[in-house]
Structures are given as structure tokens and as C-alpha cells.
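These notes are about the structure you will find just below.
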């Protein structure tokens, strides 16, 4: 029978840790933090991330994981940052005060970047499964890692694809002014211009907006071939609906925040076959697909829903962190951090190893479109 550990609030996680420590048959208890937006418009993606961590915790406990010759019980302390930088730093400080051994998160670049300073000051390793803004790993924090490609690669690839494959000549760009949305839009713009496109419009919205008629009406007058949106699916979906209502036929492109299995529900009739091209900041070539598909099947069985986007990366990030603890023979952050920096871990999302900044080495991107309301693979590229 599987030994499953339930996800519990932070206070409960700490209490459980002390209970285990005081037990006569004491086995070591290791608490790992997880932060993602569990409320707000991005909660469906944040919950997907949390579920990936839960899968890893359950598996580690079921197989009786050992660290330094001791059997370990893992506890997940999950915090909600609601995609808000202020709430994100509060969540980070809460986990630091609880003396967690490591953190998987945050989801958004806008919360990951400010939180990373708090973890660095406390010496606690942090692996983001989904934050793509390059600034995250450019701060000189040796505790900061990510298991996905960054916006330079993401936006650059999409910019070239817009011009070379979609034959876009006149391109409009919209971003939501978040660290993620603005960052990926800037990288896309640089790449598209370099490939020969003309940027005919640059517009801004915010990550809570629902009405885009003024922006889209202005863009329609410019007659673009492609519209790029830097932001999340919760905004991109309604934007597609309103594009349809205004009769805008341009291709619609976006980064990983747009590229979810939920986009079809959010866009409704606004999502036309082959209209959207987006990129997931990760992916595996054919040789690695069996492991990823097996993960997706297990996820569906456990949570009765499809993977939204980054659950496999959250799972791998936690597993790689624990692999570093095992190599060090200790869950003490000071002792296992050097092992994490040089880890080579084969995950369901591919091989995980980090460069000196903490970026994933040789990261892949997966380009998708949508057909019949389903996310459909175009290609996996570097």
C-alpha cells in the first residue's frame, strides 16, 4: 500500500515536523516549500504546479527514500502568492521562518524575482519550474535555479517563427506589464525585428483586464499579420474572443503563459484552428516522450484532470532537489546546495543540469497550435 503524505498548511507542516522529531522511532522529516498562485486568475496553473509537487512527495514517501543512511518523511508546505509580488515575498519569508530545506517556486517571474533575494539571504535553495524572465538568474544568487528555458530563448524563437514560418511582415505586440509578459514581449520584438518584421503597434494592458476593445480596434486599423501577446491565458483567452468579435483574422502568438490546455475554455469560439502559435518553455524530443506521457497518465489518474502545463517541471524540480540531498547525504541546505549546482538528473521533462547562473543547460522549447480546441504539437526545438 502506498504511503501517501497529505498536503498540509505551513503551520501544520511545522507541527508535524516536530512531532516526527520527538518520536521514539524518529525518522528524519524534511519539509520542502512550494509557492504558486492558488487563488486569483492564474490559480488553475498554480494548482497544476502544486499538484506536480504533491506527486513527487507522495512517490518519495511511498518508496521509503533514504538520505545519509536515514529514512526520510517528506512534508510539503504549500503557500499561495496569488501572482502578487508583495504576497510572494510574504510567502517566501514565511517559509524561511519555518526553516524549510528548499523551495520549489514561484510560478510567475514577477513573484519569483523578489522572493529569490529572501531565499538567497537565508541560504535556502530555490528551483522555479516556470519563471522565464532572464533577470531571475542574473542577480548573482547561487541559490536560484530554473528547469525551463528563459525568455531570451522563448521570445527569440517565437520572433523568428513569426517571420520565417508564419511569414509575418507587420506585427502588433501587446503585453500585460508584468515581469513575465513585458520580458517575453521585448525578446519577441527584438527577434522579430532582426528577422525583418515591422512592428506596427505596441500596446499595453494589465494582468487583470477583461476589456480589450480599444486596444484591438486600434490594432485592427494597422492590419497586422500577427499579434503577439505577452501574458497569461486568463487574459489571452478573452482577448481572442474579442478579436473574433471584431473580425480580426491575424495569427495570435504568445509564450508559455498562454500555452495551456485551458486556453480553449477561456477563448471559447474565439479560438480558431491553427490561429494560435505558442511555446512551452521546455519539452522533450521523441526519445523522451514515453516518460512524460506516463507522467501525464499518472497525473490524470491521481487528480482526475489533465496536466495544464508545468506540473511535470514542478515534479522534476522537487525530485532533482532531493537527488542533490541524497548525493550530499544531508538535507542541510549548506551541504546539498553544491551538489544541486552540479546535479545531473534524468527527469520526465528531460535531463536536468544547471549552468553557473542556475539556468537549465541546453533547454528545449515546444511549439504548439490548437485544433478542434485541443493543444496540438508543432515541434520541439532548442
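In mature numbering (1 follows the signal peptide of the UniProt record, and there is no 0), the protein residues as written are -26 to -1, 1 to 356. Ideal placement from N, C-alpha and C gives every residue a C-beta, glycine not left out.
Taking 8 Å as the cut-off, the Cβ atoms of residue 56 and residue 13 count as close.
Annotation note: the stretch 235 to 309 contains the following uninterrupted beta strand (DSSP E) runs of length 3 or greater, listed N- to C-terminal: 250 to 254.
Take residue 245, set aside five residues on each side of it, and the residues of its chain with a beta-carbon closer than 6 Å to its own are 214, 238, 344, in chain order. Shown here, residue 227 sits in a strand according to DSSP, grouped into three states.
Boundaries around residue 127 are those of the alpha helix (DSSP H), 125 to 138, since no beta strand (DSSP E) includes it. Boundaries around residue 154 are those of the alpha helix (DSSP H), 153 to 168, since no beta strand (DSSP E) includes it.
Burial of residue 122 is indicated by the presence of at least 16 other C-beta atoms within 10 angstroms of its C-beta. In the displayed model, residue 203 falls within a strand according to three-state DSSP.
In its chain, beyond the 5 residues on either side, 26, 29, 30 have a beta carbon closer than 6 Å to the beta carbon of residue 289. When rounded, the separation of the alpha-carbon atoms in residue 209 and residue 162 is 18 Å. The secondary-structure analysis by DSSP pairs residue 45 across a beta bridge with 40. When DSSP states are grouped into helix, strand and coil, residue 86 belongs to the helix group. In the displayed model, residue 23 falls within a helix according to three-state DSSP. The beta-carbon distance between residue 128 and residue 229, rounded to whole angstroms, is 5 Å. This is short enough to meet the 8 Å contact definition.
At a Cβ-Cβ threshold of 8 Å, residue 231 and residue 310 do not count as neighbours.
Judged by their CB atoms, residue 159 and residue 204 are nearer to each other than the 8 Å cut-off. A residue is called buried once 16 or more other Cβ atoms fall within 10 Å of its Cβ, and residue 103 is buried on that count.
Only buried fits residue 105, as 16 or more other CB atoms lie within 10 angstroms of its CB. For residue 100, the uninterrupted beta strand (DSSP E) segment begins and ends at 100 to 102.
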